[in-house]
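In my numbering, the protein residues as written are 20 to 216.
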């Protein structure tokens, strides 16, 4: 079985949304290994030699134990266009280190910057992020996500977004979308839905 990975936002010595990462890790560990881990992410990070200034993507690779913690300087990649790709067989309910299936879909993006994965006619995620869609002043996220994202959970719990079914033909009913993940929140750039081809 592939190891799991957790990606955590670190800015100027402060980690973001650790509670949501811990919940996801516990859920995956129970389902895949039969029991939650006997360690916490917060403790593992606090005892690591983490940078105290700058913006970093923290990669925590684990199975029943933490195998590796990496601190990678973060620079968001610009995404201005998305290509719809259908895959009815895709499953990515846990954040596995092995992303081969997602990478294969990403390779089909053509001249676009990333893909929007459509499963059984419903909008799910991009190759590395959950999606939120704006209609007027309100934001919505698909109920048919692939990965239970930590930023998605935070935005739902804080009532900044609502969850709803979004079929591929519904995309045009929205004004724009954003990619969200541990590193990208509500301040992520908006992409007009006309740029989803």
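All C-beta atoms, glycine included, are put in the ideal place defined by N, C-alpha and C.
Could you tell me which of the options sits nearest to residue i, measuring between CA atoms?
i: residue 130; options: 110, 103, 172 and 203; result: 103
i: residue 115; options: 136, 79 and 137; result: 79
i: residue 194; options: 30, 201 and 215; result: 215
i: residue 137; options: 161, 31 and 157; result: 161
i: residue 71; options: 86, 90 and 148; result: 90
i: residue 109; options: 165, 95, 60 and 87; result: 165
Do you know how far the Cα of residue j is from the Cα of residue i?
i: residue 92; j: residue 75; result: 4 Å
i: residue 184; j: residue 151; result: 12 Å
i: residue 142; j: residue 186; result: 6 Å
i: residue 73; j: residue 34; result: 12 Å
i: residue 27; j: residue 45; result: 15 Å
Looking at the unbroken beta strand (DSSP E) that takes in residue i, where does it start and where does it end?
i: residue 115; result: Segment: none, residue 115 is in no beta strand (DSSP E) and carries neither H nor E.
i: residue 28; result: 23-30
Starting from residue i, follow the alpha helix (DSSP H) in both directions and report where the run begins and ends.
i: residue 176; result: 169-176
i: residue 62; result: 60-65
i: residue 42; result: 37-52
Mapping the DSSP letters down to three states, classify residue i as helix, strand or coil.
i: residue 96; result: coil
i: residue 126; result: coil
i: residue 84; result: coil
i: residue 121; result: helix
i: residue 189; result: helix
Using 10 angstroms around the beta-carbon of residue i, count the other beta-carbons present and answer buried if the total reaches 16, otherwise exposed.
i: residue 178; result: exposed
i: residue 158; result: buried
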